[in-house]
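Below you'll find the structure, written out as structure tokens, and then a few comments.
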Amino acid sequence: MNVEEAAKQLEALGNPTRLELYRTLVRAGHGGLPVNQVQERLGIPASTLSHHLQRLIRNGLVSQERQATTLICRAVYPAMDALLGFLGDECCIEEGCSQAPEKAA
Numbered sequence: 002m003n004v005e006e007a008a009k010q011l012e013a014l015g016n017p018t019r020l021e022l023y024r025t026l027v028r029a030g031h032g033g034l035p036v037n038q039v040q041e042r043l044g045i046p047a048s049t050l051s052h053h054l055q056r057l058i059r060n061g062l063v064s065q066e067r068q069a070t071t072l073i074c075r076a077v078y079p080a081m082d083a084l085l086g087f088l089g090d091e092c093c094i095e096e097g098c099s100q101a102p103e104k105a106a
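Take any residue in the sequence shown, note its place counting from 1, add 1, and you have its number in our numbering.
Below you can see the structure in the form of structure tokens.
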């Protein structure tokens, strides 16, 4: 992952509604949720949900799949893992170790 891609994903998650939406889908697991259940859980209008979903889809964080008449929304876990990895990969690298110092008891 590069800085530009990470910045776009973080910007997409920087909106409280989108962050709540994304966390809802992450909690739902690999099976995802039908869009109507997402709307019920978040308590937002369908047009607002659609707008926020499109932003997350455009940035590779969410996918949608049509199953008959139902639209299933899923978090894209590899994208989440890549973003988290990007943020933590160089943690404390300038200290010369890969672990944080132990806390005093």
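Quick reminder that beta carbons are idealized off the backbone N, C-alpha and C, glycines included.
For V63, the uninterrupted beta strand (DSSP E) segment begins and ends at V63 to Q68.
If you draw a straight line from the Cα of R28 to the Cα of R75, it is about 10 Å long. When the five nearest sequence neighbours on each side are left out, the beta carbons in the same chain lying within less than 8 Å of the beta carbon of L72 are those of P35, V36, Q65 and E66, in order along the chain.
DSSP, reduced to helix, strand and coil, places P46 outside both helices and strands of the structure shown, so it counts as coil. Using a 10 angstroms sphere on the CB of A13, the tally of other CB atoms reaches 16 or more, which defines it as buried. Taking 8 Å as the upper bound for CB-CB distance, Q38 and A47 are not in contact here, some 12 Å apart.
Listed as beta-bridge partners of C74 by DSSP are L34 and Q65. Of the residues assessed, R56 falls on the buried side of the cut-off, its CB having 16 or more other CB atoms within 10 angstroms. Around the Cβ of L50, a 10 Å sphere holds 16 or more other Cβ atoms; the residue is buried. Contact between Y23 and V63 holds, with the beta-carbon distance rounding to 7 Å and staying under 8 Å.
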